[in-house]
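Report on the structure given below.
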Amino acid sequence: MLTEGGNAFEPPKEDIKMKRSIFTALAVAAVLSCTACGSTEVGTAEPPAVTASGTKEQATTTAANDTVSAEPSTEIAQTTTDESIAAVSDTAVTSEALPAGGGEAEPVTTQPQTQAQTRSRDTAPSPGDADYAPAPVQYDIPGITYIQGTLIANKSYSLPADFNPGLDSTCENQFYKLQNDAAQQGLNIWFASGFRSYDYQAQIYNNYVARDGQALADTYSARPGYSEHQSGLAIDVNQIDDSFIGTPEAVWLENHCHEYGFILRYPRGKESITGYQYESWHIRYVGTDLSYAVHDSGLTLEEYFGIDSSYKE
Ligand SMILES: [Zn+2]
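If you read the sequence shown in the working numbering, its first letter stands for residue -7, the second for the next number, and so on.
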């Protein structure tokens, strides 16, 4: 069980946009970690700079150095929301701790409602539906791996050091919807960490290696270039450690995040496949087409695409 540095992090805030000020205050605070997240917020949040070309093409590549073709230009959100993080551990939790449902109600039948429970549906929304969430734009940048149009960032597929997109705007907006709907259920889900740059991840990781050695550091912190947070498509919520497991918020997140285009990226019991410990707080935005498919399959993203997640060196 690795629990780093305590929680220099802020208590839950209603305001999910707590940004630089808090971030800055926490700057030197420390060395905390989030496995896949490989997080720890120190240093500066850099201004995301990349704009990219969106595309609807479905490139299929498996080599980390391949890229994807793109077409229409689409601007990328410039939101930077680095926050402080907490730690990771590998405490097991029994499945009994997770009641099913989490506030489900009747499926949507007509117009989108304001009531959160009416969002729940059994089938993926179609384009044009109010709750349809599109896949993220793709980047025409060498070194990014896409599989069937989905960006892959794991221990096998890294991101370029200069890929610095900031938090994806659609991802961010969908998170707000998720948060609002959860709030209507009386649940408090807050934004803890989003985009993290390569340089920042390097800083974090190197600190861990210096302290614990690489072998141990690799078990709880992502190497620079390998953190999904660098993609701008991953968000950590609430308390980033095992204390989040089994909370009403965690249960709701697991059961409903796909309705907003997210998947729980590192499920329990799939550590050897994803390469990361169970992270009840880490969600990845993929859009509702894929989120429903992955959710319904019961598979991890790696299993769904038939890829692995392991460092090659
Ligand atoms: Zn994370």
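Glycine is no exception: its CB is placed at the ideal position from the N, C-alpha and C atoms.
For Tyr218, count neighbouring Cβ atoms within 10 angstroms of its own Cβ and tell me buried if that reaches 16, exposed if not.
Buried, because 16 or more other Cβ atoms sit within 10 Å of the Cβ of Tyr218.
How long is the line joining the alpha carbons of Phe254 and Glu164, rounded to whole angstroms?
Pairing Phe254 with Glu164, the inter-Cα distance amounts to about 11 angstroms.
Which stretch, first to last residue, makes up the alpha helix (DSSP H) that contains Phe167?
For Phe167, the uninterrupted alpha helix (DSSP H) run begins and ends at 161 to 176, by DSSP.
Taking 9 angstroms as the threshold (C-beta atoms), are Asn156 and Ser118 in contact?
No. Outside cutoff.
What do you get for Asn172, buried or exposed, if any count of 16 or more other CB atoms within 10 angstroms of its CB means buried?
The residue is exposed, with fewer than 16 neighbouring Cβ atoms inside 10 Å.
Can you look up Phe254 in the DSSP assignment and give me helix, strand or coil?
Correct three-state label for Phe254: strand.
Look at the alpha carbon of Gly186 and the alpha carbon of Ile139, and state the distance between them as a whole number of angstroms.
Taking the straight line from one Cα to the other gives about 22 angstroms.
Enclosing alpha helix (DSSP H) for Leu282 [first to last residue]
DSSP places Leu282 inside the alpha helix (DSSP H), whose first and last residues are 280 to 289.
Looking at the secondary structure, which residues open and close the beta strand (DSSP E) in which His274 lies?
From DSSP, the beta strand (DSSP E) with His274 extends over 271 to 277.
For Pro259 and Gly290, what's the separation of their Cα atoms in angstroms?
Cα to Cα, the separation comes out at about 10 angstroms.
Reduced DSSP secondary structure (H/G/I, E/B, other) of Val129:
In this structure, DSSP gives Val129 a state outside helix and strand, which the three-state scheme calls coil.
With burial defined as no fewer than 16 other Cβ atoms inside 10 Å of the residue's Cβ, what is the status of Asp288: buried or exposed?
It counts as exposed.
What are the partner residues of Leu293, as DSSP defines its beta bridges?
None; Leu293 has no bridge partner.
Considering only heavy atoms of ligand 1, does any lie closer than 8 angstroms to the CB of His274?
It does: the Cβ of His274 is within 8 angstroms (strictly closer) of some heavy atom of ligand 1.
Beta carbon of Asp281: closer than 8 angstroms to some heavy atom of ligand 1?
Incorrect: Asp281 has no Cβ contact closer than 8 angstroms to ligand 1.
What beta strand (DSSP E) runs, 3 residues minimum, are completely inside the stretch 188 to 266?
For the stretch 188 to 266, whole beta strand (DSSP E) runs of length 3 or above, ordered along the chain, are 226 to 229, 254 to 258.
Pull up the DSSP beta-bridge partners for Ser185, would you.
According to DSSP, Ser185 shares a beta bridge with Asp228.
Ala184 versus Leu159 - alpha carbon distance:
Taking the straight line joining both Cα atoms gives about 13 angstroms.
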